[in-house]
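Residue 12 is where the sequence shown starts when you use my numbering, and the numbers rise one by one after that.
Worksheet: the structure to be examined is printed underneath.
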Amino acid sequence: MAYIVEYDKRALKSILKLDKKSQKQIKTYIKEIIEKLENPGSQGKALQGKHKGKWRYRVGNYRILATIIDEKITIYIFDIGHRKEIYK
């Protein structure tokens, strides 16, 4: 069973700040890859440090940060940004 994707307001604001090409690339990745995952950890990478327990997905130079809630079968995307700035 595929996971449901939910967005934080911050993630929605972040994606709107990107150029149209990057927006399309990220939206396509979420729709075609993340929304269809049976095991969300298979495409993502577990984070460490202050983001421990959270996951990241790579889309070119951009990162999608998310929390996987197995009990609700939900992937909660809380931030999207360039790899140089997303972890600050």
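Backbone N, C-alpha and C fix where the C-beta goes; we use that ideal spot for every residue, glycine too.
Supposed close pair residue i, residue j - CB separation, criterion 8 Å
i, j, result
"tyrosine 68", "glycine 92", "That pair is no contact at about 12 Å."
"isoleucine 79", "alanine 22", "Not quite, the Cβ-Cβ distance comes to about 15 Å (not below 8 Å), so this is no contact."
"valine 70", "glutamine 36", "6 Å"
Residue of the options minimising C-alpha distance to residue i
i, options, result
"threonine 85", "Gly52, Lys99 and Asp30", "Gly52"
"glutamate 17", "Leu29, Lys38 and Lys32", "Lys38"
Short Cβ contact (9 Å threshold) for residue i with residue j
i, j, result
"glycine 55", "alanine 77", "yes"
"aspartate 90", "serine 25", "yes"
Assigned exposure category for residue i - 16 Cβ within 10 Å defines buried
i, result
"isoleucine 75", "buried"
"isoleucine 41", "buried"
"isoleucine 45", "buried"
Range covered by the beta strand (DSSP E) that runs through residue i
i, result
"alanine 77", "73–80"
The alpha helix (DSSP H) enclosing residue i, as first and last residue numbers
i, result
"isoleucine 26", "20–27"
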